[in-house]
Amino acid sequence: MKHPVRLQVNGRAVEAQVEPRLNLADFVRDHLHLTATHVGCEHGVCGACTVLLDGAPARACINFAVRCDGRDVRTLEGLSCDPVMVRLRAAFTAEHALQCGYCTPGMLITARDIVLRLPDADEARIRVELAGNLCRCTGYAGIVRAIASVLEARLSEPSEPSEPR
Amino acid sequence: MKPAPFDWLQARTVDEAVGALVAAEGDALVVAGSQSLGPMLNLRLVQPSLLVDIRGIEGLLAVDEADDGAAGPAITYGSLVTHAAIEDGRVADGTNGLMPQVARGIAYRAIRTCGTIGGSVCHADPAGDWGTALTLLSATALIEGPAGRRAVPIEGFFLGPFGTVLAPGDLLVGLRVPRLPPGTRWAYEKCCRKPGEFAESIVGMLRNEAQGTCRIVVGANGGAPVVIDDRGILRDGFDPVRARAALASAGLDGDPYLLKLHLAMMQRAALEVSTQVPGGRR
Chain A
910 MKHPVRLQVN GRAVEAQVEP RLNLADFVRD HLHLTATHVG CEHGVCGACT VLLDGAPARA
970 CINFAVRCDG RDVRTLEGLS CDPVMVRLRA AFTAEHALQC GYCTPGMLIT ARDIVLRLPD
1030 ADEARIRVEL AGNLCRCTGY AGIVRAIASV LEARLSEPSE PSEPR
Chain B
115 MKPAPFDWLQ ARTVDEAVGA LVAAEGDALV VAGSQSLGPM LNLRLVQPSL LVDIRGIEGL
175 LAVDEADDGA AGPAITYGSL VTHAAIEDGR VADGTNGLMP QVARGIAYRA IRTCGTIGGS
235 VCHADPAGDW GTALTLLSAT ALIEGPAGRR AVPIEGFFLG PFGTVLAPGD LLVGLRVPRL
295 PPGTRWAYEK CCRKPGEFAE SIVGMLRNEA QGTCRIVVGA NGGAPVVIDD RGILRDGFDP
355 VRARAALASA GLDGDPYLLK LHLAMMQRAA LEVSTQVPGG RR
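Here it is, written out as structure tokens:
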């Protein structure tokens, strides 16, 4: 039986009728055609489907859409003008932090969380925080460098405005 | 994979959840954070006909800091408190930083923002952190069910891997965690192949020299957390012969590799409680 859901996705009000077993990743991809959210392992391990749920990173593959009624969802598409994401995109490009791109949306959302939540993170901490996002191309070196470079740039300009989390 | 079809009920009260669970006659599962149940549904390891969603039950998010019952000062956490809330210090901690450290080591941040302490305890994965940590802390599980409310010491709560005393219709509503007495040193050491991966061994330790008490719990052992009651293990820092004997008498010496892991975690924990400054850690 389908259930009604009303939620915010990337700042837009969305209403839909969903089967309870529909996960949030399939909902944003197949129903809203927001395909930046990638589906990898489908059991919460690989991190490709990571989105922001009420501002905090969450796995879209193991959160069911029916349970997101009244909540605020932000996918990578909804962060295109976010000042931290603008910097991270440039840094990922500069540091060769992606190759095939499958993990990249989840990596970017986790990277943004690291930058905003852990402004003093060193390389070791960045690596620990990235443990929940798997990349099979880069060996992580470029990803870690990209995040470190954004953290470093922000430390030298601490007043840069950012969206509240 | 996608889950087998199921229906979903958003419960607004504990009574409504318990009623729905009873009516489903064992064919319903409770969902809180869905960070363990979600994967199990996706992998079709479980195929319930109904999910009873308890996230809309407001009281289950409460944290009662003023719990000074007959059993001494404690903090009671509603089942829906997330690992991230404990990690970030957004809820009270009476364990001098032990619970936030445990929370910080659970899976990944994107899991911790959704996963709940109550869900983790009910799931009873032997590698789960809260089972071991709350056994170490001598917590009490607060359960509501068809027969009313009851409190079960956590040491008797876990029956084995993924097994608990919860009967069909029972709902874990909260966890009462005694505050650690002043001067208690603690350690929580776990071994994972990779940060956030399921643990292969966990050893938790509490030591209070003024009271002459020591408590050791070995988790991630394939079954329920095991309490080892032998202060002699900490004689002169760490006595590996005595530690090995204690693990053997608890039946944890079946696999030589895992036995070595448990011993290594126990040695690290012993070092930690002997060098730690009481009242502050790291």
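Residue numbers (this note's numbering), protein chains in the order written: chain A, 910 to 1074; chain B, 115 to 396.
Ideal Cβ placement from N, Cα and C applies to all residues, glycine included.
Residue nearest to residue i in terms of C-alpha spacing, selected from the options
i              : options                        : result
residue 311/B  : 220/B, 323/B, 325/B and 333/B  : 220/B
residue 245/B  : 302/B, 333/B and 188/B         : 333/B
residue 944/A  : 950/A, 951/A and 936/A         : 936/A
residue 387/B  : 367/B, 222/B, 155/B and 329/B  : 329/B
residue 173/B  : 322/B, 131/B, 349/B and 268/B  : 131/B
residue 222/B  : 180/B, 360/B, 318/B and 308/B  : 308/B
residue 350/B  : 181/B, 361/B and 385/B         : 385/B
residue 156/B  : 991/A, 1064/A, 931/A and 967/A : 931/A
residue 988/A  : 974/A, 966/A, 971/A and 911/A  : 966/A
residue 374/B  : 270/B, 335/B, 340/B and 348/B  : 335/B
residue 124/B  : 135/B, 141/B, 168/B and 248/B  : 168/B
residue 267/B  : 359/B, 282/B and 292/B         : 292/B
residue 117/B  : 920/A, 971/A, 962/A and 1040/A : 971/A
residue 251/B  : 127/B, 358/B, 281/B and 207/B  : 207/B
residue 1033/A : 986/A, 1057/A and 1044/A       : 1057/A
residue 926/A  : 947/A, 960/A, 946/A and 977/A  : 977/A
residue 269/B  : 190/B, 249/B and 280/B         : 249/B
residue 170/B  : 146/B, 182/B, 177/B and 184/B  : 146/B
residue 224/B  : 149/B, 183/B, 247/B and 188/B  : 149/B
residue 360/B  : 369/B, 372/B, 341/B and 371/B  : 341/B
residue 280/B  : 120/B, 119/B, 135/B and 122/B  : 135/B
residue 942/A  : 981/A, 986/A, 963/A and 959/A  : 986/A
Neighbour flag for residue i against chain B, beta carbons, 7 Å
i              : result
residue 952/A  : yes
residue 1053/A : no
residue 979/A  : no
residue 983/A  : no
residue 910/A  : yes
residue 914/A  : no
residue 996/A  : no
residue 1002/A : no
residue 965/A  : yes
residue 1063/A : no
residue 993/A  : no
Same chain, Cβ closer than 8 Å to residue i, neighbours up to 5 away in sequence not counted
i              : result
residue 1036/A : 1049 and 1053
residue 1059/A : 993, 996, 997, 1000, 1020 and 1024
residue 160/B  : 143, 151 and 154
residue 911/A  : 926, 927 and 928
residue 126/B  : 170 and 171
residue 141/B  : 162, 163 and 164
Cutoff 7 Å: residue i Cβ touching any chain A Cβ
i             : result
residue 282/B : no
residue 211/B : no
residue 396/B : Residue placement at residue 396/B cannot be trusted, given a pLDDT of 44 that sits under 50; the coordinates are not used to answer.
residue 335/B : no
residue 119/B : yes
residue 148/B : yes
residue 364/B : no
residue 377/B : no
Beta-carbon proximity list for residue i, same chain, < 7 Å, skipping 5 on both sides
i             : result
residue 227/B : 196 and 198
residue 277/B : 238
residue 338/B : 272, 273 and 274
residue 241/B : 312, 313 and 334
Cβ-based neighbour list, residue i, same chain, cut-off 6 Å, excluding 5 preceding and 5 following
i              : result
residue 1006/A : 1051, 1052 and 1055
residue 924/A  : 915
residue 317/B  : 303, 332, 379, 380 and 383
residue 217/B  : 197, 200 and 201
residue 301/B  : 319, 383, 386 and 387
residue 961/A  : 983
residue 913/A  : 926
residue 917/A  : 981
The stretch 1018–1030 of chain A / the stretch 297–308 of chain B touching (three or more Cβ pairs under 8 Å): no
Three-pair Cβ contact test at 8 Å for the stretch 194–201 of chain B versus the stretch 219–238 of chain B: yes
Chain A contacts from the stretch 299–328 of chain B (Cβ-Cβ distance under 7 Å): 308, 309 and 310
Sufficient close CB pairs (3 or more, under 8 Å) joining the stretch 252–264 of chain B to the stretch 279–288 of chain B: yes
Members of the stretch 1035–1059 of chain A that neighbour chain B once the beta carbon cut-off is set at 7 Å: 1037, 1038, 1040 and 1041
Members of the stretch 217–247 of chain B that neighbour chain A once the beta carbon cut-off is set at 8 Å: 221, 222, 223, 224, 225, 227 and 228
Contacting positions in the stretch 917–929 of chain A - beta carbon closer than 8 Å to chain B: 928 and 929
Positions along the stretch 1013–1038 of chain A whose CB lies within less than 9 Å of some CB in chain B: 1015, 1018, 1019, 1022, 1023, 1026, 1036, 1037 and 1038
Near-chain B residues of the stretch 929–951 of chain A - C-beta to any C-beta below 7 Å: 929, 930 and 951
Cβ contact check for the stretch 1007–1022 of chain A and the stretch 949–964 of chain A: 3 or more pairs under 8 Å: yes
Interfacial residues, the stretch 152–179 of chain B to chain A, with Cβ spacing under 8 Å: 152, 153, 155, 156, 157, 165, 167 and 169
Members of the stretch 182–209 of chain B near chain A, C-beta cut-off 8 Å: 198
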